[in-house]
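**Student:**
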Amino acid sequence: MRLENKTAVVTGAGQGIGKGIALALAREGANVVISDINLTEATKVVREIEELGRKSLAVKTDVTSKKEVDDLIKKTMEKFGSLDIMVSNAGVSSMEYVIDMPEEKWDFNMDVNLKGTFLVTQAAAQQMIKQQNGKIICTASMAGKGGVATQAHYNASKHGVIAYVKSLAQELAPCGITVNSICPGSIKTSMQDREVQWGAEIRGAGATPEDIREEMANFTPLGRIGLPEDIAKVVVFFASDESAFMTGQAINVTGGQSNTM
Amino acid sequence: MKLSDKTAIVFGCNGLIAQAICKKLSKEGCKLVITDFKKEQADKLASEIKNAIGIGVNVCSEKEIKEAMDIAIKKYGKIDFVVNSSRIALFKETVELTENEWDIIVDFNAKSMFYIAKAALKNMIDNNHGTIIGITSKTANSGPANLSAYAASMNASIGLLRSLSCEVRNNNIRVNALCPGYIEHEELVLGAELTHNEPPDEGIYIQFSPLINVANEPEALANMVVFLASKEGEFITGQAYSLWDDDLTYYRNLGQMAEL
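Listed in order, the protein sequences are those of chains A and B.
In terms of this note's numbering, the first sequence opens at residue 1 and continues consecutively.
In terms of this note's numbering, the second sequence opens at residue 1001 and continues consecutively.
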C-alpha cells in the first residue's frame, strides 16, 4: 500500500469522480475525510471506507463558503492531526449559450469550480506549510484546455483552475508541497447523466441522451466512456511518492480524446 | 487602409498596449469608442486620435457595458470589432490573498469578458459579422508565483473565448485572444487601488521572459489586433496567441516586490 497512515481530504466525494478517488485512496491505506455539500451521500461513502478498514469522517461543505472550508480543515486536524493529501474535486456544470446565459449560471460555475478551488487549496496550503509537506490535487477537466459550445462558463472555470494550479505550484514548491491538476475526459457520473440529457434537449431533432453518450465514446480513441476509477488511479499516483518530482502539471485522463469537439 | 468604415469598441485603455491598439486601429481607418475605468483616461486618448470618443465604463457592471455598446451602435450604426483590454493585477502570495481580493481580480478580468462578449454578440449576430479579441496574458500558460488569481482569471477568459468561438462559428463571428508577455505598470496600479493595497513603486512592471522586448510589445500586439480584425485573419478563430513561446517565469524590475 502506497498511502498507509496518510490523511486525505476529498471535496465533492459524495458521488462520482470524488467518491471514486476517496475509495481508491482508502484502498492504498489512507484515512479519508469525505467532504460534500450532500451530507447523506457523504455518510454513505464514509461507511464504505470504514468497511475497507480505514478511518473516515463526513463533513458537509459548501466550497464557496470560506467559513465551511476552514471548518473542514479544522475538523480534519482535530480528528487526524495532519493533512497529507488534499483533493479539491467539488465541481458543477450547466449548459447554456453565452448569448442567453444568465449571470447566475456564470457565477454558479465560476464560484464552485474556480473560487472553490482557491478557498480549499488556500486553507490546505496554510496547514501544509506548517508541516512543510503535502500533496494537493485539483480536478480540472479536458474543458480546461479547449472550448465547446454551451459551456463557456464551465470552460472558463476549468481553464482558470489549470492556471491557478501552475501559480500555486510555484509558490509552494519551496515548502515541499506539490500541486497538480487532472483533466478528466468523458466520465460516467451523475454530472454526465445531466449533461447528456441537456445535450439531447439542446440538439433536438429527436436526439436521445444515449445518442450523445455514444458520440462521446466515439470521440474517444480508447473507445469507451471513462469511469471514476480511471481518474482515481492517476490521483493516487499524484498523492503518492511516485510523483515526487512533478508539480504544476495538468494531466489528461481522457482515453486519448482531444481537447476540443 | 485595412479597416476603412469599420467600427471598434475598446475596453480598458490605461496601459501602453491598449493605447497602441487604439492608435493602430485608428490609423487603419477604424472609428473608435474608447472606454476606461477612469473616464478622463478614455477622453484623453480619444482626443489624441481621429474618429474616437471616450466613455467611462466599469467593466464589473453589465449595465455600463450595455450602455457603452448602445452609444457605439447609435453613433456608428454597428460594431465590427470588440477589444477587451481591461486587466488588473495584484502581486501577493496565495496563502495571504483574501476572498475579497480574489473576487475583485477575477470579476474585473474574467467576468468582464463574459459581460462584454454577451453584450457585443447581440449586434454581431444581427449583422452576421464581427470579431472579438480579448487581451489576456502569458501567465495563463506559465502560472507565475504570487499571481494565482491573475493567472486563473486570464486563463478563464481564454476558456470562455474558446467556447464562444465554437458557438458563433456559423454567425461569421471570430473570437481570439492575445497574450502579452508582461504585466503593465497600470494593471498593478489599478489592481492595488481596487483591492485597497499599497500602490506599486513608480514604473514597476512584471515581465515573464528575458526574451520579451517590453518596449516593442505594445506595437507588435497592436499589429496582431489589426491582422486578426482584417480580412487577412478571416479564417482564424478560437486561438490564443503570444509573441514568445517559452514558459520561463522571470521577473525584472520588480524592486521590493521580488522579495516576497
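Heads up, the beta-carbon is just placed ideally off N, CA and C, and yes, glycines get one too.
Mind checking who S56 (chain A) pairs with in its DSSP beta bridge?
**Tutor:** On the first sequence, position 56 is the one that residue 56 (chain A) refers to. A:V32, per the DSSP bridge assignment.
**Student:** Taking its Cβ as the centre, do 16 or more other Cβ atoms sit within 10 Å of E214 (chain A), making it buried, or is it exposed?
**Tutor:** Taking the first residue of the first sequence as position 1, residue 214 (chain A) is located at position 214. By the 10 Å Cβ count, E214 (chain A) comes out exposed.
**Student:** Does DSSP put Y154 (chain A) in a helix, in a strand, or in coil?
**Tutor:** Within the first sequence, residue 154 (chain A) is the residue found at index 154, counting from 1. DSSP places Y154 (chain A) in helix when its eight states are reduced to three.
**Student:** Which residues of the segment 50-76 of chain A have a Cβ closer than 7 Å to any Cβ of chain B? Give them in chain order.
**Tutor:** Correct list: K66.
**Student:** Out of B:E1096, B:C1022, B:N1128 and B:S1157, point me to the one whose CA is closest to W106 (chain A)'s CA.
**Tutor:** Residue mapping note: residue 106 (chain A) aligns to position 106 of the first sequence, counting from 1. For the residues B:E1096, B:C1022, B:N1128 and B:S1157, the minimum Cα distance to W106 (chain A) belongs to B:S1157.
**Student:** Using CA atoms only, rank isn't needed, just tell me which of B:K1038, B:L1032, B:V1057 and B:S1085 is closest to K1074 (chain B).
**Tutor:** The sequence position of residue 1074 (chain B) within the second sequence is 74, counting from 1. Cα-wise, what sits closest to K1074 (chain B) is B:L1032.
**Student:** How far does the beta strand (DSSP E) with M86 (chain A) in it extend, from its first residue to its last?
**Tutor:** As a first step, residue 86 (chain A) must be located in the first sequence, where it is residue number 86. M86 (chain A) -> beta strand (DSSP E) spans I85 to S88.
**Student:** Is the segment 2-14 of chain A touching the segment 78-90 of chain A in the sense that three or more CB pairs, one from each, lie closer than 8 Å?
**Tutor:** Short answer: they touch.
**Student:** Kindly list, in the order they appear in chain B, the residues whose Cβ is closer than 9 Å to that of V98 (chain A).
**Tutor:** Your numbering for residue 98 (chain A) matches position 98 in the first sequence. Chain B residues near V98 (chain A): F1114, A1117, K1118, L1121, L1160, S1163, L1164, E1167 and V1168.
**Student:** Please report how far the alpha carbon of V63 (chain A) lies from the alpha carbon of N155 (chain A), in whole angstroms.
**Tutor:** The residue given as residue 63 (chain A) occupies position 63 in the first sequence. The residue given as residue 155 (chain A) occupies position 155 in the first sequence. If I take the Cα positions, the gap works out to 19 Å.
**Student:** Within 8 Å (strictly less), CB to CB, does M101 (chain A) reach chain B?
**Tutor:** The count along the first sequence starts at 1 and reaches residue 101 (chain A) at position 101. Cβ-Cβ to chain B under 8 Å: yes for M101 (chain A).
**Student:** Is L1211 (chain B) helix, strand or coil when you go by DSSP?
**Tutor:** Within the second sequence, numbered from 1, the residue matching residue 1211 (chain B) stands at position 211. Coil at L1211 (chain B), not helix or strand.
**Student:** Leaving aside the five residues before and after N252 (chain A) along the sequence, list all residues of the same chain whose C-beta is less than 6 Å from its C-beta, in chain order.
**Tutor:** Locating residue 252 (chain A) in the first sequence gives position 252, where the first residue counts as 1. Contacts found: C183.
**Student:** Leaving aside the five residues before and after M261 (chain A) along the sequence, list all residues of the same chain whose C-beta is less than 7 Å from its C-beta, in chain order.
**Tutor:** Sequence index remark: in the first sequence, residue 261 (chain A) carries index 261 (1-based). In this predicted model, M261 (chain A) has a pLDDT of only 42, less than 50, meaning its place in the structure is not dependable enough to derive any value.
**Student:** If the cut-off is 8 Å on Cβ atoms, which residues from the segment 1047-1078 of chain B count as contacting chain E, listed in chain order?
**Tutor:** Looking at the structure shown, chain E is missing, and the protein chains on hand are A and B.
**Student:** Could you check if R1087 (chain B) is buried or exposed, using at least 16 other CB atoms within 10 Å of its CB as the buried criterion?
**Tutor:** For the purposes of this step, residue 1087 (chain B) is taken as the residue at position 87 of the second sequence. Buried is the call here.
**Student:** Please go through the segment 136-187 of chain A and give each complete alpha helix (DSSP H) segment of 4 or more residues, from N-terminal end onward.
**Tutor:** Qualifying alpha helix (DSSP H) stretches, in chain order: 152-172.
**Student:** Which of the three DSSP states, helix, strand or coil, is assigned to R1174 (chain B)?
**Tutor:** The residue labelled residue 1174 (chain B) in the question sits at position 174 within the second sequence. Correct three-state label for R1174 (chain B): strand.
**Student:** With a 10 Å radius around its C-beta and 16 neighbouring C-beta atoms as the bar for buried, classify N1014 (chain B) as buried or exposed.
**Tutor:** Residue 1014 (chain B) sits at position 14 when you count from the first residue of the second sequence. That one is buried.
**Student:** With a CB to CB cut of under 7 Å and the five nearest residues on each side skipped, what residues in its chain are close to A123 (chain A)?
**Tutor:** Position 123 of the first sequence, counted from the start, is the residue given in the question as residue 123 (chain A). Only V69, D70 and I73 meet the Cβ criterion.
**Student:** Please look up how many angstroms separate the CB atoms of G1012 (chain B) and V1059 (chain B), rounded, as I've assumed it's under 8 Å.
**Tutor:** Here residue 1012 (chain B) refers to the residue found at position 12 when the second sequence is read from its first residue. Here residue 1059 (chain B) refers to the residue found at position 59 when the second sequence is read from its first residue. Right, the Cβ-Cβ distance comes to about 7 Å (below 8 Å), so this counts as a contact.
**Student:** Which complete alpha helix (DSSP H) runs does the segment 82-130 of chain A hold, if anything under 4 residues is left out?
**Tutor:** Correct list: 103-109.
**Student:** By DSSP, does V1010 (chain B) sit in helix, in strand, or in coil?
**Tutor:** For this step, residue 1010 (chain B) is matched to residue 10 along the second sequence. DSSP places V1010 (chain B) in strand when its eight states are reduced to three.
**Student:** Please check if any C-beta of chain B sits within less than 8 Å of the C-beta of Q151 (chain A).
**Tutor:** Numbered from its first residue, the first sequence carries residue 151 (chain A) at position 151. Yes, because at least one Cβ of chain B sits closer than 8 Å to the Cβ of Q151 (chain A).
**Student:** Work out the CA separation of Y97 (chain A) and A1008 (chain B) for me, nearest whole Å.
**Tutor:** Position 8 of the second sequence, counting from 1, holds the residue named residue 1008 (chain B). Position 97 of the first sequence, counting from 1, holds the residue named residue 97 (chain A). Taking the straight line from one Cα to the other gives about 24 Å.
**Student:** Quick one: list the residues of chain A neighbouring N1100 (chain B), beta-carbon separation under 7 Å, in chain order.
**Tutor:** Translated into positions along the second sequence, residue 1100 (chain B) becomes position 100. Here the premise fails: no neighbours, minimum Cβ distance about 10 Å.
**Student:** Select from the segment 158-169 of chain A all residues with a C-beta closer than 9 Å to any C-beta belonging to chain B, and list them in chain order.
**Tutor:** Those would be K158, H159, G160, V161, I162, A163, Y164, V165, K166, S167, L168 and A169, in chain order.
**Student:** Please compile the residues from chain B whose C-beta is within a distance smaller than 8 Å of the C-beta of G206 (chain A).
**Tutor:** Taking the first sequence and counting its residues from 1, one reaches residue 206 (chain A) at position 206. Chain B residues near G206 (chain A): none, gap ~21 Å exceeds 8 Å.
**Student:** Please report how far the alpha carbon of G12 (chain A) lies from the alpha carbon of C1179 (chain B), in whole angstroms.
**Tutor:** Along the first sequence, one-based indexing puts residue 12 (chain A) at 12. Along the second sequence, one-based indexing puts residue 1179 (chain B) at 179. About 33 Å.
**Student:** Please determine if the segment 1022-1036 of chain B and the segment 182-199 of chain A are in contact, where contact requires at least 3 C-beta pairs separated by less than 8 Å.
**Tutor:** No, the segment 1022-1036 of chain B does not touch the segment 182-199 of chain A.
**Student:** Within its chain, find whatever has a CB closer than 8 Å to the CB of A943 (chain B); leave out the 5 residues flanking it on each side and keep chain order.
**Tutor:** Because chain B here runs from 1001 to 1260, residue 943 (chain B) falls outside it and cannot be looked at.
**Student:** Assuming contact is defined by CB atoms lying nearer than 8 Å, are I1105 (chain B) and G1191 (chain B) in contact in what I supplied?
**Tutor:** Here residue 1105 (chain B) corresponds to residue number 105 of the second sequence, with the count starting at 1. Here residue 1191 (chain B) corresponds to residue number 191 of the second sequence, with the count starting at 1. Against a cut-off of 8 Å, the Cβ pair of G1191 (chain B) and I1105 (chain B) comes out as a contact.
**Student:** Mind checking the segment 129-142 of chain A against chain B and listing, in chain order, the residues whose C-beta falls within less than 8 Å of any C-beta there?
**Tutor:** Listed by position along the chain: I129.
**Student:** Looking at chain B, is there any beta carbon in it that lies within less than 8 Å of the beta carbon of G223 (chain A)?
**Tutor:** Along the first sequence, read from residue 1 onward, the residue named residue 223 (chain A) stands at position 223. G223 (chain A) does not count as touching chain B.
**Student:** On a Cα-Cα basis, can you pick out the residue from B:E1048, B:N1084, B:E1099 and B:K1066 that is closest to S65 (chain A)?
**Tutor:** Taking the first sequence and counting its residues from 1, one reaches residue 65 (chain A) at position 65. With distances taken between Cα atoms, S65 (chain A) lies closest to B:E1099.
**Student:** Do I1236 (chain B) and N1170 (chain B) have their CB atoms nearer than 8 Å?
**Tutor:** Sequence index remark: in the second sequence, residue 1236 (chain B) carries index 236 (1-based). Sequence index remark: in the second sequence, residue 1170 (chain B) carries index 170 (1-based). No.
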